[in-house]
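Take a look at the structure set out below.
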Amino acid sequence: MSYLLPFLLALLQLQAAPSVVEISAKRFEFTPKEIHLRAGEPVTIRLIATDRAHGLLIKDLGLDLDADVDHPDSATITPAHPGKYAAICDHYCGSGHGNMRMTFIVE
Amino acid sequence: MKRRDFLKISGTALGGAALLRFTTTTAAASLLAKKNGEAPTPFSIVQLSDTHVGFQGPPDPLGTKAFERAVDLINDLHPRPDLILFTGDLTHDSDDPAEHAKRMKSFRTIADRLRVKTRYHVPGEHDAALDGGVLFRENFGETHYSFDHRGVHFIALDNVSLGKPIVGPAQLAWLKNDLARYPKTAPIIVFTHRPLFDLRTDWEWFTGDGDAVTNALAPYDNVTVLYGHIHRVDHHTTGKIQHHAARSLIFGFPDPAATADKKPLPFDAAEPFRNLGIRQLRGAPPSIDDVELTSVDDSGLTAILGNNGIQQFAKGDFA
């Protein structure tokens, strides 16, 4: 049975690690436009910029990412309260920047 | 309030945004002179904001017409303001640097018609966020600076050219050094593009390190912040600091407390300058009620006359 030990340890680590959600950013849109998270569960948000520098900001969730091409950024958050949170790009990227947004839904 | 009543009270009409007329009581001026080295003497300034030269398309088909009208109205002011402050988004950006430069030149051509020749500018993100402020500096010099005028210390802050909506550590250090030269009683006017407090973060109506700026300003008794960006009138107080937003000269935004969507207010052909506005702030002693009176002219241009501002000079402490 000892041969199963490394496998079980790896499984435990996998379970403890927060899930990762990737968000892609390009002028003037995020993909996906909406993600669903669970209150109280840690999650790592990874921002990938495909054309130039972009930000991803939700002050109420303490999330503030800055990514550039070939330089993704990530942070782990644990949303405390259910709700609908608007995320914006806060790195000015052109005249359509003001409408570059997406939604985090915490359930 | 009717237009002629407004004209009677204000003595003039004002295009663009805000006029602050500073007057102080003799006792207040004398005390400030002892404390600050130079007594504030009566004068007025005009704030213009968000002209967005080069913007095309809905909701506003008027291009630069509101800006040009504002210039005419300011030129008719008597007495003439000492200074004009432009609080950003002078131009609408373009991906083509040559086109953006052309828009900046158009802005300067219109602004040069102002008979008030002492003018100061700070950039908005549409002016300086894509190129780090290169075009702005070519036209107007540094994006942050300070100067004194008739006993008032003016501070221009740049919260856009780093790409992120921040002042940044270097400028913050400069601000602290600049402020350290002045007594806590000095009248200070900060002018910048974005609000220095969280007005509505999901509409990008904030400055990321605005708290650090207001903390640096907090020990000072007489601070007024003038800003633009939000295309609507707003008054706000943080500690002893008063923040006043000016209207835009291109299109208005709605009340963020009344709607979830950040969409420009619709254009009204019957009143083409509706929601663009005229905002006039007039200083007055604290014995006069702090009220705002609104007037709308035939084109829909709105003028608001208030006495915000002067209480920063003539608090009861000084009388």
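Protein sequence lines correspond, in order, to chains A and B.
Going by my numbering, the first residue of the first sequence is number 1, and it counts up by one from there.
Going by my numbering, the first residue of the second sequence is number 1001, and it counts up by one from there.
C-beta atoms are modelled at their ideal positions from N, C-alpha and C, and glycine is treated no differently.
Note that the structure is predicted; figures quoted are calculated from it, not measured.
Determine the extent of the beta strand (DSSP E) in which residue i is found, giving its start and end residues.
i	result
A/T31	29-31
A/S74	73-77
A/D66	63-67
B/T1201	Careful: B/T1201 lies outside any beta strand (DSSP E) and carries neither H nor E.
B/I1084	1083-1087
A/K59	No beta strand (DSSP E) holds A/K59; DSSP gives it neither H nor E.
B/V1134	Taken as a continuous stretch (DSSP letters only), B/V1134 belongs to no beta strand (DSSP E), being part of the alpha helix (DSSP H) at 1134-1140.
B/T1109	Looking at the DSSP string, B/T1109 is not in any beta strand (DSSP E); the run it does join, the alpha helix (DSSP H), is 1097-1111.
Residue i lies in the alpha helix (DSSP H); which residues open and close that run?
i	result
B/L1073	1065-1075
B/L1048	Taken as a continuous stretch (DSSP letters only), B/L1048 belongs to no alpha helix (DSSP H), being part of the beta strand (DSSP E) at 1043-1048.
B/N1177	1169-1180
A/P82	Taken as a continuous stretch (DSSP letters only), A/P82 belongs to no alpha helix (DSSP H), as it is neither H nor E.
B/H1193	No alpha helix (DSSP H) contains B/H1193, which DSSP labels as neither H nor E.
B/T1214	1210-1217
Which term fits residue i, buried or exposed, when burial requires 16 or more other beta carbons within 10 angstroms of its beta carbon?
i	result
A/N99	exposed
A/K33	exposed
B/E1204	buried
A/V69	exposed
A/M102	buried
B/V1134	exposed
A/V106	buried
B/D1060	buried
B/K1105	exposed
B/P1058	exposed
A/H97	buried
A/G62	exposed
B/N1222	buried
B/R1115	exposed
B/G1124	buried
B/G1210	buried
A/A150	The requested residue 150 of chain A is not part of the displayed model; chain A covers only 1 to 107.
Our contact map puts residue i next to residue j with C-beta atoms below 8 Å; I'd like the distance itself, whole angstroms only.
i	j	result
B/S1146	B/F1140	Wrong, their Cβ atoms sit about 15 Å apart, outside the cutoff.
A/H91	B/G1208	No, A/H91 and B/G1208 are not in contact; Cβ-Cβ is about 11 Å, not under 8 Å.
B/G1228	B/T1064	About 16 Å separates the two Cβ atoms, so there is no contact after all.
B/L1276	B/R1247	6 Å
A/C93	A/R27	5 Å
B/V1122	B/A1070	Not confirmed; about 18 Å, so no contact.
Could you pull out every residue in the same chain whose Cβ sits closer than 6 Å to the Cβ of residue i, ignoring the five residues on either side in sequence?
i	result
B/H1052	D1089, H1092, I1250
B/Q1171	H1144
B/D1127	L1090, T1091, F1136
B/V1213	V1167, L1196
B/L1083	I1045, T1118
B/Q1242	T1224
Identify every residue that forms a DSSP beta bridge with residue i.
i	result
B/R1234	Sequence check: residue 1234 of chain B is Asp here, not Arg. B/D1234 pairs with B/A1245.
A/K26	A/E29
A/V20	A/T44
A/R34	Per the sequence shown, the amino acid found at residue 34 of chain A is Glu instead of Arg. Answer by DSSP bridge pairing, in chain order: A/T103.
B/Y1120	B/L1085
B/T1091	B/V1053
B/Y1145	B/A1156
B/Y1227	B/A1245
A/A108	The structure shown does not extend to residue 108 of chain A, since chain A is modelled only from 1 to 107, so the question has no answer here.
I'd like the list of long-range same chain contacts for residue i, defined as Cβ closer than 7 Å, with 5 residues on each side in sequence excluded.
i	result
A/G55	L65, D66, C89, D90, H91
B/H1100	T1091, D1093, S1094, L1135
B/A1129	V1160, S1161, G1163
B/I1230	P1195, L1199, W1205, A1245, F1253
A/P79	L37, A39, L61, V106
Go through its chain and collect everything with a Cβ distance to residue i's Cβ below 8 Å, but skip five positions before and after it.
i	result
A/S74	V20, T44, I45, R46, L47, L65
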